[in-house]
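Note sheet for the following structure.
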Amino acid sequence: VPSARTLVEIEDTRGTEMTIKITGYQWKWHYDYLGEGVSFFSSLAADSNAARRLGSGIDPATVDHYLLNVDRPLVVPVGVKIRYLITSNDVLHAWWMPDFAIKKDAIPGFINEGWFLVKEAGTYRGQCAELCGKDHGFMPIVVEALPREDFDAWLAEQKAMAAAGREPAARVASR
Numbered sequence: 001v002p003s004a005r006t007l008v009e010i011e012d013t014r015g016t017e018m019t020i021k022i023t024g025y026q027w028k029w030h031y032d033y034l035g036e037g038v039s040f041f042s043s044l045a046a047d048s049n050a051a052r053r054l055g056s057g058i059d060p061a062t063v064d065h066y067l068l069n070v071d072r073p074l075v076v077p078v079g080v081k082i083r084y085l086i087t088s089n090d091v092l093h094a095w096w097m098p099d100f101a102i103k104k105d106a107i108p109g110f111i112n113e114g115w116f117l118v119k120e121a122g123t124y125r126g127q128c129a130e131l132c133g134k135d136h137g138f139m140p141i142v143v144e145a146l147p148r149e150d151f152d153a154w155l156a157e158q159k160a161m162a163a164a165g166r167e168p169a170a171r172v173a174s175r
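Next up, the structure:
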């Protein structure tokens, strides 16, 4: 039955080249490239965070990707099957990436898994899709997909920074 085969393939994480652990926190995401020594938090971008505050005097319409940008995007290579493990450190969250057809629950004390493969370089945006508290609306997800050579250079830079005990400067996804 063709549909049964498709359903099995959707859940089959074999043949992946890398595994990323995603952990939800109120109100940010933590990404850990397992086996690579690279991990970091990804939070709402500073300009969106400032504009969302009542009385800030900042017009949200002037902020690029208002409430949908982060200080550090998840960076992945194009054309690579990536396994993800997802959990939560506190309450229920959901990692929702519409362009990847993913909405996976992050549950404290439980690990869900899945996989994705990005076919085109670019910046992809999503959000937490589980009401997780007062700042739920300020928990965007940004995935930056790079050609393999660019990803390898990015990963080498992150490893060098981690080995030196330094945090890379926050960078906001601009696309």
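Oh and the sequence shown: position 101 is 101 in my numbering, straight run, nothing missing. All residues carry an ideal CB built from backbone N, CA and C; glycine is no exception.
The straight-line gap separating the alpha-carbon atoms of V63 and S39 is approximately 27 Å. Nearest to I22 by alpha-carbon distance, out of A156, E167, K159 and V143, is V143. With fewer than 16 other beta carbons inside 10 angstroms of its own, D12 counts as exposed.
The beta strand (DSSP E) runs of length 3 or more contained entirely in the stretch 7-78 are, from start to end of the chain, 18-25, 28-33, 38-42 and 74-77. Every alpha helix (DSSP H) stretch that sits fully inside the stretch 113-170 and reaches 4 residues is listed by chain position as 148-163. When only Cα atoms are considered, P147 and A121 end up about 6 Å apart.
Between I20 and L7, the C-beta spacing is not below 8 Å. In terms of Cα proximity to K119, the closest of R53, V78, H30 and N112 is V78. Separation of the CB atoms of D90 and P108 is rounded to 6 Å, and the pair is thereby assigned contact status at 8 Å. If you check the CB distance, S56 and A50 come in under 8 Å.
Per DSSP, the continuous beta strand (DSSP E) segment holding I102 begins and ends at I102 to A106. A straight line joining the alpha-carbon of D152 with that of L54 spans about 41 Å.
Straight through space, the alpha carbons of T123 and Y31 are spaced by roughly 17 Å.
Between Y84 and G37, the gap from beta carbon to beta carbon reaches 8 Å or more.
Proximity to K104 across R125, E130 and L117 peaks at E130, based on C-alpha coordinates. Boundaries of the beta strand (DSSP E) harbouring L85: K81 to S88, taken from the DSSP string. Distances from the CA of Q127 to each of A156, W95 and A101 were compared; the closest alpha carbon is that of W95.
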